[in-house]
Structures are given as structure tokens and as C-alpha cells.
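Read left to right, the sequence shown gives residues 10 to 204 (this note's numbering). Just so it is clear, CB atoms sit at the ideal spot from N, CA and C, and this is done for glycine as well. What follows is a short report on a single structure.
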Amino acid sequence: MSLKSRLAADETLFTAWSGVPDALTVEIIAKQGFDAVTLDMQHGGHHEDSVLRGLVPVLAANKPALVRIPVGRFDMASRALDFGAEAVIAPMVNSVADARQFAAAMKYPPLGERSWGPTYAFPRHGKGDHAEWLRDTNQRTMAFAMVETRAALEALDGILETPGIDGIFVGPSDFSIAWSNGATVSSTLESMMET
């Protein structure tokens, strides 16, 4: 069952977060009781090669793989999907324009601008012909925008309404820095709202 269908069924899922760019470490994490594994390219040490290698043990464990890309690197969203990820998390999506650019990188035409190149993903997830793959991939993959700034909060309704954006992640630490005008870093939403 895909990540998207599990979330649509209101299933609560827990994802492990991997910042260590080592496939063996990712394999150990993937064998634990988490529902999914996220490979972090923003603050973690993952890079293109380690994401490609790290997705193998996650998918072998029959778990959804997510990738958090670096800030503004929407081109990496399509690469992560080409490698076999089911979902991509984009940090610092601060506007509807950012959300549109991110969503466009995630979907094949006519929904987006993703180019063809699923050399690794098609053998892992593909069934049937290319037309079926294009349709199913556009429906199966997920785009999560990270809301971490005052600008993102002001644009939140538009970000959520952007076709191709499936949900948001709140970045509490960066959001707290923005919310407190640079006075503090807190990982709890309650402390942000108090400032």
C-alpha cells in the first residue's frame, strides 16, 4: 500500500529520519519498526549518490521512502523520484510561486514539468507500460512543502491550494526563529505562539 493511500486512510505513520549518508546505516534504520524512512539532504549528510544507494534498502524493506531536498533545489525533487522515492519534502517553501515550482518538478505533464528519466524507479515501482507509469506516478507520488517562515505562514492558504502539493511539514525551529525575530530557537510550537 502506498504512502499516499495510507495517509488518505487516516493512518498515523512514523518515519525515521536519516542524515548519515551510508547505505548500511539506512538499511539498519529501514529494518526497525518505523513506517517509512526519510533521507535528509538539507541538514543531513545525504547527497545524490547516497540517496540513490540509500533508497535500495528502504524499498527492499517494503517501506515508503521520502527525501528532504536542499533549499530551493526543486530539480532534486524529480531526481529523488527518479531514484524511487515516493515523496519529497521541500524546505523553505515561502510563497505560492515556490509551491508551484516544487509541484511542477514533481509531476509529469500535463500536471507538471517533470522530465522522463525513471531509470531506477520504473523497475522498482513500474507495472505495465509507460502510459500507465506516467498516470500512476502522478497519482502516487507526494509533495510536502515545509512552512518555516512568516512569509510561508502568510501564503499558507495559497500553498495548500496549489495543485500538486499534498501537504505541509512545519519546521518548528526555523519557524521559531522567524516568529521571535531571531531571538530564540525552539522546537515546540507552543513556545513560538507565546512570543
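Run of the alpha helix (DSSP H) containing residue i, from where it starts to where it stops
| i | result |
| --- | --- |
| Trp142 | His139 to Arg149 |
| Trp188 | Pro181 to Trp188 |
| Arg62 | Glu57 to Ala69 |
| Leu165 | Leu165 to Glu170 |
| Val105 | Val105 to Met115 |
Nearest-angstrom Cα separation, counted from residue j out to residue i
| i | j | result |
| --- | --- | --- |
| Thr204 | Asn190 | A caution first: Thr204 carries a pLDDT of 44, below 50, which makes its placement in the model unreliable, though a value can still be read off. Answer to the nearest angstrom: the Cα atoms are 9 Å apart. |
| Arg77 | Asp49 | 5 Å |
| Leu175 | Phe153 | Checking the sequence shown, residue 175 turns out to be Asp, not Leu. If you take the alpha carbons of Asp175 and Phe153, they lie about 6 Å apart. |
| Ser104 | Asp145 | 28 Å |
| Ser87 | Glu36 | 23 Å |
| Gln41 | Asn71 | 12 Å |
| Ser185 | Leu16 | 27 Å |
| Leu143 | Tyr117 | 7 Å |
| Thr47 | Ile98 | 9 Å |
| Met85 | Pro73 | 18 Å |
| Phe178 | Ala112 | 15 Å |
| Asp138 | Ile168 | 33 Å |
| Leu33 | Ala164 | 40 Å |
DSSP bridge partner residues for residue i (one or two, in chain order)
| i | result |
| --- | --- |
| Val29 | DSSP, once it has assigned bridges, lists no residue as partnering Val29. |
| Gly176 | Phe153 |
| Thr193 | In the DSSP output, where bridge partners are listed per residue, Thr193 has none listed. |
| Thr24 | Ala45 |
heavy atom of the ligand ADP below 6 Å from residue i C-beta
| i | result |
| --- | --- |
| Gly180 | Questions concerning the ligand ADP fall outside what the structure shown contains, since it holds no ligand whatsoever. |
Exposure label - residue i; buried when at least 16 CB within 10 Å
| i | result |
| --- | --- |
| Trp125 | exposed |
| Asp107 | buried |
| Ser14 | exposed |
| Met201 | At Met201 the pLDDT is 49, less than 50, meaning the model places this residue with poor confidence and gives no usable figure here. |
| Ala18 | exposed |
Range of the contiguous beta strand (DSSP E) that encloses residue i
| i | result |
| --- | --- |
| Gly98 | First, the residue type needs correcting, since residue 98 is Ile and not Gly in the sequence shown. Ile98 -> beta strand (DSSP E) spans Ala96 to Ala99. |
| Asp49 | Ala45 to Asp49 |
| Val76 | Ala74 to Arg77 |
CB-CB length for residue i against residue j, believed under 8 Å
| i | j | result |
| --- | --- | --- |
| Glu95 | Arg149 | 7 Å |
| Met151 | Leu12 | 6 Å |
| Pro79 | Ser59 | Rounded, the Cβ-Cβ distance is 13 Å, inconsistent with contact. |
| Ala115 | Leu75 | Correcting the residue identity first, residue 115 is Met in this sequence and not Ala. Not a contact, Cβ separation roughly 12 Å. |
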